[in-house]
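Below is one structure, written out as structure tokens, with a few remarks after it.
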Amino acid sequence: MKKFDNVTILDHPLIRHKIAILRSVETCTKDFRELVEEITMLLTYEAFKDLPTQEVEVTTPLVKCKQQVVAENSVAVVPVLRAGLGMVSGVHKLFPTAKVGHIGMYRDEKTLKPQEYYCKLPDSIEKKRTIVLDPMLATGGSACAAIELLKNRGCKDIRQMSIIAAPEGIQKLAATHPDVKIFVAVLDEKLNENGYILPGLGDAGDRLFGTK
Ligand code: PRP
Ligand code: URA
Numbered sequence: 008m009k010k011f012d013n014v015t016i017l018d019h020p021l022i023r024h025k026i027a028i029l030r031s032v033e034t035c036t037k038d039f040r041e042l043v044e045e046i047t048m049l050l051t052y053e054a055f056k057d058l059p060t061q062e063v064e065v066t067t068p069l070v071k072c073k074q075q076v077v078a079e080n081s082v083a084v085v086p087v088l089r090a091g092l093g094m095v096s097g098v099h100k101l102f103p104t105a106k107v108g109h110i111g112m113y114r115d116e117k118t119l120k121p122q123e124y125y126c127k128l129p130d131s132i133e134k135k136r137t138i139v140l141d142p143m144l145a146t147g148g149s150a151c152a153a154i155e156l157l158k159n160r161g162c163k164d165i166r167q168m169s170i171i172a173a174p175e176g177i178q179k180l181a182a183t184h185p186d187v188k189i190f191v192a193v194l195d196e197k198l199n200e201n202g203y204i205l206p207g208l209g210d211a212g213d214r215l216f217g218t219k
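This is the structure we're talking about:
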């Protein structure tokens, strides 16, 4: 696959371990949900590395000192329904003040094109760093459409955070939105004829919410 400057693929033994369990058909809904949350925390750590901080004064039991804290209200996360919802708690564990917007989209089974059905975004989202959450980056259609929508609302600093990506999805997203930084936990082999990621984990929404 062509290398893209703005794509970070986390390659870490703990991530590989958690993803191996996540993929397995034997993993139950409760464990699946917990693993999505944990992997999202690890992705958040990486994706928020360059978050701006501001100076505050803190009094320790011994002295006053200058410290750095992350500015509140500086970040919004936007899960793509349904599966992106499973990642919100992982971000909030590390960054509890992140605002949350929601974009509802599903892939048409035949065309694989995203169909938008819901959108509710936080006030002043255009002033925040905005991170699209979706565990699966398959054809890249849903991510591209969600980012297009955010750009139309004036967002400028947009990132994509996904757990499993197919090369096809990375290529489409990086080519369509070269300004968007992409963080993924693992890059898989390819898509199958139905647009599912291989080896993948199946339908992320169904596995998170136990709908099949
Ligand atoms: C899944 C997934 C992404 C999309 C990825 O959602 O959560 O949103 O597919 O595929 P793409 O990269 O080819 O667009 P799905 O359409 O299954 O909706 P659901 O979460 O409501 O089941
Ligand atoms: N959506 C999923 O949930 N899984 C895939 O493999 C592709 C799209």
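Residues 8 to 219, numbered by this note's numbering, are exactly what the sequence shown covers, in order.
Every residue, glycine too, gets a C-beta built ideally from N, C-alpha and C.
None of the values given here were measured: they were computed from a predicted structure.
Cβ-based neighbour list, residue i, same chain, cut-off 6 Å, excluding 5 preceding and 5 following
i    : result
E196 : L205
G91  : L140 and D141
C126 : I110
Proximity test, residue i beta-carbon vs the ligand URA heavy atom, cut-off 7 Å
i    : result
A90  : yes
M94  : no
L150 : Looking at the sequence itself, residue 150 is Ala, so the reference to Leu does not match. No, the ligand URA has no heavy atom inside 7 Å of this Cβ.
D115 : no
G207 : yes
Same chain, Cβ closer than 8 Å to residue i, neighbours up to 5 away in sequence not counted
i    : result
T36  : R214, L215, F216 and G217
G202 : R114, L119, A145 and T146
Q75  : T60, Q61, E62 and V63
Residue(s) in a DSSP beta bridge with residue i
i    : result
Q178 : In the DSSP output, where bridge partners are listed per residue, Q178 has none listed.
I171 : M143 and V193
C72  : V65
V87  : I110
K188 : R166
Neighbourhood of residue i by C-beta distance below 7 Å, restricted to the same chain and skipping five residues each side
i    : result
M48  : G97, K100 and L101
S169 : D141, P142, M143, L144 and V191
Anticipated Cβ contact below 8 Å, residue i with residue j, distance rounded
i    : j    : result
G111 : I132 : Contact doesn't hold; Cβ gap of about 16 Å is too wide.
V85  : L140 : 7 Å
E123 : T104 : Not a contact, Cβ separation roughly 27 Å.
Residue i Cβ short of 7 Å to the ligand PRP heavy atom set
i    : result
G97  : no
Y125 : no
P174 : no
M112 : yes
D210 : yes
Within the chosen definition, does the segment 171-182 reach the segment 140-148 through at least 3 CB pairs nearer than 8 Å?
-> With a cut-off of 8 Å, the segment 140-148 and the segment 171-182 count as touching, because enough Cβ pairs lie within range.
Any contact of the segment 34-49 with the segment 81-100, i.e. 3+ C-beta pairs under 8 Å?
-> Yes, the segment 34-49 touches the segment 81-100.
Could you tell me whether the segment 154-172 touches the segment 123-137, using the rule of 3 or more Cβ pairs below 8 Å?
-> By the Cβ test, the segment 154-172 is in contact with the segment 123-137, since at least three Cβ pairs between them sit closer than 8 Å.
Decide yes or no for the touch test of the segment 10-22 against the segment 179-191: beta carbon pairs closer than 8 Å, at least 3 of them.
-> Taking 8 Å as the limit for Cβ pairs, the verdict is that the segment 179-191 does touch the segment 10-22.
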